[in-house]
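The listed protein sequences derive, respectively, from chains S and R. If you're matching positions, the first sequence starts at 1 in full-length UniProt numbering and goes up one per residue. If you're matching positions, the second sequence starts at 1 in full-length UniProt numbering and goes up one per residue.
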Amino acid sequence: MNSHRKSTPSARFTTYIDFEERPIDVPEETNVDEEKIEPQLLPGEIMIARANNVLKFAPLKANRTGISGTLFVTNFKVSFVTSLPVEAKEREMHSKSLQNRFLGVHDVCLSEVDMVNQFSEDNTKKKRLLYNAQMPPRLSGLQLVLKSLRVINFSFKFTPTGEDIRVAQALLHHAFPTSIDHLFLSCGYPPSSPGIPDFCRAVDWEHELQRTRCPNWRVSKHNEFFNLCASLPTVLVVPRDLLDAQLEQAAQHFQGTRPPVWCWGTPAGAALVRMAQISPSITDKQQENRMMGLVHRCHPMRLQPKIFDLDQILPSLKEIQISYIKLRELHTPDDPTQFWEQDRHYFSRLESSRWLSHISKCLEVAQNAATAILHQNSSVILQDATGCDLSAVISSLVQLLLDPHMRTIRGFHCLIQKEWVALGHPFTKRLGHTRNQLEEQSPVWLLFLDCVYQVSLQHHTALEFTSEYLVALWHAAHCSLHSSFMFNSVNAKYSASDVLQRENPQQPIYLRPVWSWWAEDKSIIENEQNGSDEEPLDSKISAREAFLNVHYIQKLFKSLAISGAVRRISDPLSSAYHTWQHIDCLMGETRQLPYDPSTPIVPLQLDGSLRLDISLSNLRPWLGCFCAWLSEPAMLTLNDSESLLKDSSPASHHWSHIHEMYNTMKDLLSQSLANGAAQ
Amino acid sequence: MFSGVKPDKKSKVKGITQLGSRSSSSSSSHSSNSNTTRSNSSSGSGGSSSSSSSNKGGGRKSHSGSSSGSSSGSGSPPAGTPPHTQMASHESLNSESKSSSLNSKLGHESGGSPSPPKSACSSTSTTSTDHHHTNHQVSHVLTATSKMTVRDGSRTLRPDEPPLVPGEQLEGTAREVTYLCPYVGPKKGTLSVTNYRLIFRSPETDPPFELEVPLGVVSRIEKVGGANTSRGENSYGIEIFCKDIRNLRFAHKQNDSQYSMHLKRDMNISVFRRYRVRHNFAGYGASQTSEENHSRRMVTEKLLHYAFPASHKLPFFAFGYCEQYPENGWSVYEPIAELKRQGLPTESWRITRINEQYELCETYPAVWAVPAAASDNDLRNVAAFRSRGRIPVLSWIHPESQATITRCAQPLVGVSGKRSRDDEAYIQHIMDANAQSHKIFIMDARPSVNAVANKAKGGGYESEDAYQNAEVQFLDIHNIHVMRESLRKLQEVCYPHIDNSHWLSNLEATHWLDHIRCVLSGALRIADKVESHKTSVVVHCSDGWDRTAQLTALSMLMLDGYYRTIPGFAVLLEKEWLSFGHKFAQRVGHGDDRHQDADRSPVFLQFVDCVWQILKQFPHAFQFTEDMLITILDHLYSCLFGTFLYNSERERIEKEVKTKTISLWSLILSNKADFENPLYSSNTKHHVLFPRTSMRHLCLWDKYYCRWNPSMRQQEPVHIRYKELLHVKEQLEKHVDELRKELAARQTHDSPRVASAIV
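Next up, the structure:
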């Protein structure tokens with residue numbers, strides 16, 4: 001085999017011989033001067049290592065077909081540059097990702113890397129490489145296992161000696177940083193404003209109080225310098241009767257000095273409160289009782305709040321992590337043999353991972369809490385150890401079940417921003433963005449998204465977004481340029497930003513919330529390249545279509561189709577007008593966001609709760625997420641013949657009609673407007 | 001008798017109370033048992049949804065009338081008293097151990113939550129309210145049973161006078177029978193038996209609870225308890241085991257004094273004993289002094305009689321059914337026309353009528369397509385070497401490459417390894433007929449162990465030494481006995497209650513999906529050889545009528561879009577299953593009371609399940625929806641149509657099925673709109689489908705297997721949403737047009753006042 005290895009980087013390969021001596025059927029690479037191949041770099045991004053003539057293998061093709069190119073490691077990503085055409089699957093996944101503005105189709109953000117494995121010379125064994133691992137003299141191949149449950153194999157068979165090791169070292173060093181500020185967090189572009197409140201300002205919380213019309217709560221700015229609690233935002237909503245001094249006193253008794261905070265409520269006075277457990281060192285429960293008493297008194301009818309001790313009734317973080325590891329094993333097979341072996345027992349393995357049973361429990365608790373709020377009008381206190389993990393899951397789900405606003409895209413963004421980002425879910429720890437505290441890793445975020453997925457399955461028309469958007473959000477949590485899901489708290493974000501600013505005093509630091517994707521019209525990379533190809537616009541439209549729930553829009557049109565609704569559409573006081581505005585926001589091509597940030601606050605109207613079926617036989621494994629990258633290995637020699645029917649989205653037919661209806665309506669409106677103007 | 005029945009102790013309190021607390025968005029419920037198919041199908045069609053919504057509103061009046069009438073007539077407890085309370089008190093008089101009875105437990109459970117019956121009964125209408133705007137009004141319903149029960153509020157039906165299908169006769173009625181629904185608890189009402197089906201109506205709820213079961217689905221009937229021996233409420237009655245994954249249990253009143261029989265015929269029925277069929281109409285016992293309850297005995301007798309006509313040497317109901325359909329389904333399949341559609345005859349393939357009298361092979365059709373190079377004499381010689389004379393005959397030919405799928409039975413190799421020059425030459429002819437490839441694949445559907453074991457019985461498989469250029473592959477599909485056992489396990493898992501905590505592992509342990517995967521990937525492999533390799537494939541198993549039929553039909557479905565249309569699918573079934581002699585009568589056991597017959601097996605059900613799996617993966621590629629598949633399966637058992645009766649084309653000719661019965665395709669083609677998939681795009685016709693066959697991409701077809709279970713949430717099919725969308729669009733366009741016209745009119749009249757008011 002070694003005879004095939006070229007000692008100097010050569011300009012072109014015609015065929016590649018793979019480990020099993022089978023010619024690799026790749027198209028011939030065009031004559032490119034290798035030295036000129038460069039990855040596209042963002043401002044501030046530095047290339048660290050490169051390896052030429054690397055083969056990238058599509059997963060589960062038994063390492064038989066690969067494409068050749070050059071592998072780069074920068075301080076942001078692992079970039080594979082090739083002039084060969086992209087696989088359809090990769091292109092599709094890329095177009096449906098929220099990081100396609102700054103990552104190319106072959107790029108992988110460093111913080112997405114979960115494990116790096118090394119192949120032995122004969123390609124039969126693999127060994128995990130840790131960040132402090134001793135490098136062997138020569139690597140035959142690397143396997144990247146990504147947090148998005150994707151596996152990519154690189155072979156260094158034709159790579160000049162030395163380059164393989166350099167790339168691997170750079171990868172191991174930069175993919176597992178010691179501190180979050182070592183990640184590539186700012187790309188030097190100011191992010192487009194997504195118009196989503198970040199719930200770090202008093203006004204955002206005040207709006208939320210106004211919108212929900214929940215009485216007897218106030219905004220406290222006592223945490224202004226994070227002196228009260230480091231994991232909470234600077235503003236908190238607390239009982240109206242609670243003095244700031246009392247708040248400070250009470251906070252000391254809770255874990256992480258996290259006092260109970262209001263996060264949502266109903267006009268009837270039922271509040272949803274998240275609370276940490278009392279610190280283990282403190283035996284006296286007086287402060288806890290006092291705070292509960294205050295929540296009690298906030299209720300206009302003085303109803304006793306219901307307390308859900310989530311540590312007791314839900315699986316622990318450890319259990320969630322164990323389940324996730326089992327899921328990961330089940331969905332990242334090394335080769336087709338393993339895939340089919342696992343597949344044979346897929347259902348029982350899935351069950352023994354207990355992931356679905358965790359989902360079922362979460363949904364059950366959320367449903368009970370929602371019932372308590374809606375039907376008994378009682379406040380609900382969600383208590384978990386630090387008040388920022390499972391309480392976030394349940395709190396968000398309760399709001400999703402009860403509050404129609406939270407089921408829209410904008411509302412869902414607000415919900416995540418509020419419950420997860422502002423109220424300090426420790427993303428760094430739980431998703432393992434750094435090499436520290438790995439034992440605290442637990443994909444609570446994925447658990448939540450999967451719960452939402454189950455909701456979307458059981459209520460086709462309820463959510464404005466699709467499950468594909470949820471997948472994109474899970475993948476987005478592993479890209480360091482999405483600041484939303486990188487930090488342990490708002491405070492941690494500020495300090496990281498400060499550190500970066502100090503290190504690069506001349507460069508402005510912009511942390512980019514993930515929601516900016518909706519507001520950006522062009523890829524940041526394309527910007528650099530003077531927007532060369534015609535593809536971005538199409539992909540943008542298709543991604544929006546993939547993320548918007550066609551059945552939700554259909555529901556909106558349905559309300560317009562009732563008699564007389566069309567007639568009232570230009571009357572700003574009618575509901576038809578608002579429905580049309582809503583549709584226009586979603587479908588219109590002029591706007592980038594589904595909503596205008598200036599949309600006035602619509603007061604909360606409770607219209608009942610979404611009922612969920614929580615029995616395990618009615619929950620489905622989230623194949624769209626777990627098998628997103630896992631295509632079935634071809635047992636056969638199916639060629640990609642023209643006659644083969646590619647499965648297309650079942651919603652594609654829907655979309656064409658939705659577009660037609662939208663255009664018809666638009667025509668009508670412009671016609672009547674013109675008509676009105678002419679008069 | 002009682003010992004023969006397994007008491008259903010598994011019934012869960014949780015399941016039932018959960019049901020009560022649900023806002024019941026699940027579609028099916030036991031309340032509408034056989035109607036479930038209808039509600040499933042027509043929730044798409046919207047026809048019944050509008051009718052059911054009218055049921056809710058306008059229909060309510062008439063139903064309340066009927067219910068009050070019946071309650072006075074049958075002397076049932078005053079309205080408002082839950083049935084179980086009444087029965088419990090009745091029971092307490094003569095029973096000291098009622099808590100030991102399983103059924104009192106059932107009653108107790110439902111007593112804990114008085115709401116379940118109601119919520120479950122109304123669930124049919126609640127689900128469909130979403131669609132009641134849709135305009136595809138279809139009064140047609142899936143099962144012919146429910147076809148008759150058009151309850152549109154205009155007609156009030158007396159509870160003991162069910163509407164009958166043409167040719168159906170009411171044979172007996174028993175009042176005060178309790179149907180022990182595993183989901184909503186006991187229901188008291190009237191049980192009627194006709195020569196076609198069993199009808200149970202309970203006026204306790206509004207709308208009345210109805211259950212209609214064609215007797216063809218009955219697999220066996222057991223009596224439960226004795227009139228004097230059994231204690232406990234509802235412990236005396238009958239249990240009916242059905243072929244469509246459910247059991248029905250009825251309790252009769254003990255020491256009944258007010259049973260009534262409405263017999264249109266004379267009651268000249270002797271004391272009936274199971275299996276002793278000849279005594280059926282023999283000496284009539286004038287005094288019915290048996291200690292058994294009369295109503296139960298009467299019902300059981302009638303049921304046994306009409307559920308198992310074959311065992312009683314009676315004709316199937318299909319021979320008496322005389323509904324008029326605009327389409328004649330018998331003409332959907334013409335063997336010659338289908339072969340011509342495939343482009344036959346060609347240079348290398350000819351059509352022969354050598355089997356016109358079914359002499360060469362009695363289980364094969366009259367018309368074959370065989371290699372032109374093989375003479376009639378060759379065919380006879382080959383037939384001698386193939387099990388039951390089932391020689392390789394063309395199933396499908398690729399329109400471009402001329403690669404073919406041929407089917408046959410195993411060669412009679414035997415332990416001694418016999419060879420037949422003629423058979424080898426014949427296989428060579430098949431290969432030569434395809435110029436594209438110098439190889440031929442012989443797909444043996446069995447696991448190789450079974451294929452070897454068959455040598456002991458004189459069968460076996462082709463040796464690659466004897467058949468040059470042939471490659472034998474084994475597809476590892478297990479035999480009919482394994483499949484039957486697997487379905488039995490599946491039923492245990494699905495019916496009546498689902499053990500949620502072990503649902504997935506229990507499902508896996510049934511191996512049902514595993515078998516589905518095997519069949520699908522076998523068919524996929526055949527399709528791949530034909531499409532991608534342009535190589536001909538010979539398919540066989542042991543006899544070539546079970547697994548072979550599954551494989552050829554599925555691979556043809558993948559390769560040829562014609563078979564994915566409604567008439568095309570009918571042709572596919574008529575050709576690959578019916579004409580090539582899949583033993584429907586044996587495998588299903590039509591009208592036969594030997595429920596333990598080892599020849600029964602859900603081979604065809606498994607095939608339909610595979611079709612559903614493909615349909616699910618390619619929602620745009622099929623002209624029909626899963627409703628059609630369910631309808632086909634329902635009438636596989638119902639014996640309403642002649643289509644699936646008997647074992648072979650020859651038997652059907654002998655029994656004059658075509659002239660004396662109606663074809664299932666008459667029903668389907670006459671109501672095509674109900675089964676049409678709105679998402680179908682006909683340009684997929686020229687495409688080949690290669691479905692994914694890994695376990696994770698297969699699902700349990702819950703809409704079929706779990707349709708009786710209201711706790712199994714059924715996904716609303718996307719095609720229903722699509723129909724709704726089309727309707728919305730139409731409405732919207734109508735409104736827009738109106739407004740446009742107004743605008744135009746105003747422009748011409750130049751009337752600014754009105755214009756400003758509107759714009």
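Ideal Cβ positions, reconstructed from N, Cα and C, are used throughout, including at glycine. No experiment lies behind these values; they were computed from the predicted model shown.
Quiz item: Just how far apart, CA to CA, sit residue 779 of chain R and leucine 689 of chain R?
Solution: Since the first residue shown for chain R is 1 and the last is 759, residue 779 of chain R is missing from the structure and cannot be characterised.
Quiz item: Is serine 666 of chain R closer than 7 Å to glutamate 338 of chain R when the C-beta atoms are compared?
Solution: Against the second sequence, residue 338 of chain R aligns to sequence position 338. Against the second sequence, residue 666 of chain R aligns to sequence position 666. Taking 7 Å as the Cβ cut-off, glutamate 338 of chain R and serine 666 of chain R do not qualify as a contacting pair.
Quiz item: In chain S, which residues lie with their C-beta within 8 Å of the C-beta of arginine 696 of chain R?
Solution: For the purposes of this step, residue 696 of chain R is taken as residue 696 along the second sequence, with counting starting at 1. By Cβ distance, chain S contributes Asp343, Tyr346, Pro621, Leu623 and Cys627.
Quiz item: Helix or strand or just coil, what does DSSP make of lysine 147 of chain S?
Solution: For the purposes of this step, residue 147 of chain S is taken as the residue at position 147 of the first sequence. It is coil, neither helix nor strand.
Quiz prompt | Pairwise C-alpha distance: phenylalanine 199 of chain S and alanine 496 of chain S | solution = One-based indexing of the first sequence puts residue 496 of chain S at position 496. One-based indexing of the first sequence puts residue 199 of chain S at position 199. Rounded to whole angstroms, the gap between the alpha carbons of alanine 496 of chain S and phenylalanine 199 of chain S is 19 Å.
Quiz item: Taking Cβ positions only, does leucine 507 of chain R come closer than 7 Å to chain S?
Solution: Locating residue 507 of chain R in the second sequence gives position 507, counting from the first residue. Taking CB atoms only, leucine 507 of chain R has a neighbour in chain S less than 7 Å away.
Quiz item: Three or more C-beta pairs closer than 8 Å, one from the segment 383 to 398 of chain R and one from the segment 416 to 427 of chain R: is that the case here?
Solution: Judged by Cβ distances under 8 Å, the segment 383 to 398 of chain R makes contact with the segment 416 to 427 of chain R, as three or more pairs qualify.
Quiz item: How big is the Cα-Cα spacing for threonine 406 of chain R and serine 395 of chain R?
Solution: Looking up residue 406 of chain R in the second sequence gives position 406. Looking up residue 395 of chain R in the second sequence gives position 395. Taking the Cα positions, threonine 406 of chain R is about 5 Å away from serine 395 of chain R.
Quiz item: How long is the line joining the alpha carbons of asparagine 377 of chain R and proline 345 of chain R, rounded to whole angstroms?
Solution: Here the question's residue 377 of chain R lines up with position 377 in the second sequence. Here the question's residue 345 of chain R lines up with position 345 in the second sequence. Approximately 19 Å between the Cα atoms of the pair.
Practice problem: Would you decide whether cysteine 322 of chain R is buried or exposed? Buried here means 16 or more other CB atoms lie within 10 Å of its CB. | Solution: Counted from its first residue, the second sequence places residue 322 of chain R at position 322. It counts as exposed.
Quiz item: Quick one, which of R/Pro411, R/Arg220, R/Thr625 and R/Arg564 has its alpha-carbon nearest glycine 458 of chain R's?
Solution: Stepping through the second sequence from its first residue, residue 458 of chain R is reached at position 458. Looking at the Cα atoms, R/Pro411 is the closest of the given residues.
Quiz item: Can you tell me whether DSSP reads glutamine 671 of chain S as helix, strand or coil?
Solution: Along the first sequence, read from residue 1 onward, the residue named residue 671 of chain S stands at position 671. Helix at glutamine 671 of chain S.
Exercise. Have a look at serine 483 of chain S and serine 489 of chain S and give me their C-alpha separation to the nearest angstrom.
Key: Position 483 of the first sequence, counting from 1, holds the residue named residue 483 of chain S. Position 489 of the first sequence, counting from 1, holds the residue named residue 489 of chain S. Each residue's alpha carbon lies about 11 Å from the other.
Quiz item: When the Cα of glycine 104 of chain S is compared with those of S/Cys214, S/Glu38, S/Leu142 and S/Asn132, which residue comes out closest?
Solution: Here the question's residue 104 of chain S lines up with position 104 in the first sequence. Nearest C-alpha to glycine 104 of chain S: S/Glu38.
Quiz item: Can you tell me whether glutamine 321 of chain S is buried or exposed, with buried defined as 16 or more other CB within 10 angstroms of its CB?
Solution: Translated into the one-based positions of the first sequence, residue 321 of chain S becomes position 321. Buried: at least 16 other Cβ atoms inside 10 Å.
Self-check item: Residue nearest to lysine 418 of chain R in terms of C-alpha spacing, selected from R/Ala403, R/Gly343 and R/Lys455
Solution: Residue mapping note: residue 418 of chain R aligns to position 418 of the second sequence, counting from 1. Out of R/Ala403, R/Gly343 and R/Lys455, R/Lys455 has the C-alpha closest to the C-alpha of lysine 418 of chain R.
Exercise. Determine the contact status of leucine 732 of chain R and methionine 587 of chain S, defining contact as a CB-CB distance below 7 Å.
Key: The count along the second sequence starts at 1 and reaches residue 732 of chain R at position 732. The count along the first sequence starts at 1 and reaches residue 587 of chain S at position 587. Not in contact: leucine 732 of chain R and methionine 587 of chain S (Cβ atoms no closer than 7 Å).
Quiz item: Listing by chain order, which chain R residues have their CB less than 7 Å from the CB of lysine 558 of chain S?
Solution: Reading the first sequence from its first residue, position 558 is the one you call residue 558 of chain S. At a beta-carbon threshold of 7 Å, the residues of chain R lying near lysine 558 of chain S are Val728, ordered along the chain.
Exercise. Would you mind telling me which residues of chain R sit closer than 7 Å to valine 455 of chain S, beta carbon to beta carbon, in chain order?
Key: As a first step, residue 455 of chain S must be located in the first sequence, where it is residue number 455. The contacting residues do not exist; valine 455 of chain S stays about 13 Å from chain R at best.
Quiz item: Where in the segment 217 to 243 of chain S do unbroken runs of the beta strand (DSSP E), each at least 3 residues long, occur, reported from the N-terminal end onward?
Solution: Fully contained in the segment 217 to 243 of chain S are the following beta strand (DSSP E) runs of length 3 or more, in chain order: 217 to 220 and 236 to 239.
Quiz item: Opposite lysine 187 of chain R in the DSSP bridges: which residues?
Solution: Counted from its first residue, the second sequence places residue 187 of chain R at position 187. Looking at the DSSP output, lysine 187 of chain R shares a beta bridge with R/Tyr179.
Quiz item: From this set, R/Ala372, R/Val184, R/Tyr183 and R/Thr178, which residue's C-alpha is nearest residue 767 of chain R's C-alpha?
Solution: The shown model of chain R, from 1 to 759, leaves out residue 767 of chain R, and the question about it has no answer.
Practice problem: Using a cut-off of 9 Å between C-beta atoms, extract the partners of serine 575 of chain S located in chain R. | Solution: The count along the first sequence starts at 1 and reaches residue 575 of chain S at position 575. One finds nothing in chain R with a Cβ atom closer than 9 Å to the Cβ of serine 575 of chain S; even the nearest lies about 15 Å away.
Quiz item: Name the residues in the segment 607 to 619 of chain S whose C-beta lies less than 7 Å from a C-beta of chain R; which are they?
Solution: From the segment 607 to 619 of chain S, only Arg611, Asp613, Ser615, Leu616, Ser617 and Asn618 have a Cβ closer than 7 Å to chain R.
Exercise. Using a Cβ cut-off of 7 Å (strictly closer), state whether glutamine 731 of chain R contacts chain S.
Key: Locating residue 731 of chain R in the second sequence gives position 731, counting from the first residue. So, interface residue.
Quiz item: Does any C-beta atom of chain R lie closer than 7 Å to the C-beta of serine 148 of chain S?
Solution: Position 148 of the first sequence, counted from the first residue, corresponds to residue 148 of chain S. Using a Cβ-Cβ cut-off of 7 Å, serine 148 of chain S does not count as an interface residue toward chain R, since no Cβ of chain R sits closer than that to its own.
Quiz item: When DSSP builds the beta bridges, which residues end up paired with threonine 173 of chain R?
Solution: For the purposes of this step, residue 173 of chain R is taken as residue 173 along the second sequence, with counting starting at 1. R/Ser192.
Self-check item: For threonine 406 of chain R, the first and last residue of its enclosing beta strand (DSSP E)
Solution: For the purposes of this step, residue 406 of chain R is taken as residue 406 along the second sequence, with counting starting at 1. The continuous beta strand (DSSP E) containing threonine 406 of chain R extends over residues 404 to 408.
Exercise. Would you mind telling me which residues of chain R sit closer than 9 Å to alanine 270 of chain S, beta carbon to beta carbon, in chain order?
Key: As a position in the first sequence, residue 270 of chain S is number 270, starting the count at 1. Under the 9 Å cutoff, chain R gives no residues; its nearest Cβ is about 20 Å from alanine 270 of chain S.
Quiz item: Out of R/Lys313, R/Thr205, R/Arg380 and R/Ile238, which has the shortest C-alpha to C-alpha gap to aspartate 593 of chain R?
Solution: Locating residue 593 of chain R in the second sequence gives position 593, counting from the first residue. Of the candidates R/Lys313, R/Thr205, R/Arg380 and R/Ile238, the residue whose Cα lies closest to the Cα of aspartate 593 of chain R is R/Lys313.
Practice problem: Counting only the same chain and skipping the five closest in sequence on each side, list residues whose C-beta sits under 8 Å from that of lysine 126 of chain S. | Solution: Working through the first sequence from its first residue, we reach residue 126 of chain S at position 126. Closer than 8 Å at the Cβ level, and outside the excluded window around lysine 126 of chain S, lie Asn117, Gln118, Phe119, Ser120, Gln143 and Asp334.
Practice problem: Hey, could you find the ends of the alpha helix (DSSP H) tryptophan 474 of chain S is sitting in? | Solution: Numbered from its first residue, the first sequence carries residue 474 of chain S at position 474. Boundaries of the alpha helix (DSSP H) around tryptophan 474 of chain S: 467 to 476.
Exercise. Please classify histidine 659 of chain S: is it buried, with 16 or more other beta-carbons within 10 angstroms of its beta-carbon, or exposed?
Key: Taking the first residue of the first sequence as 1, we reach residue 659 of chain S at position 659. Looking at its Cβ environment, which holds fewer than 16 other Cβ atoms inside 10 Å, histidine 659 of chain S is exposed.
Quiz item: In whole angstroms, what is the alpha-carbon distance linking glycine 167 of chain R and phenylalanine 316 of chain R?
Solution: Here residue 167 of chain R is taken as the residue at index 167 of the second sequence, counted from 1. Here residue 316 of chain R is taken as the residue at index 316 of the second sequence, counted from 1. Near 12 Å, if we compare the C-alpha coordinates of phenylalanine 316 of chain R and glycine 167 of chain R.
Self-check item: Within chain R, partners of histidine 460 of chain S - CB distance below 9 Å
Solution: What you label residue 460 of chain S is simply residue 460 of the first sequence in a count that begins at 1. Correct list: Gln715, Glu716, Val718 and Arg721.
Quiz item: Mind checking whether leucine 616 of chain S and serine 360 of chain S have CB atoms under 7 Å apart?
Solution: By 1-based counting over the first sequence, the position of residue 616 of chain S is 616. By 1-based counting over the first sequence, the position of residue 360 of chain S is 360. In contact: leucine 616 of chain S and serine 360 of chain S (Cβ atoms closer than 7 Å).
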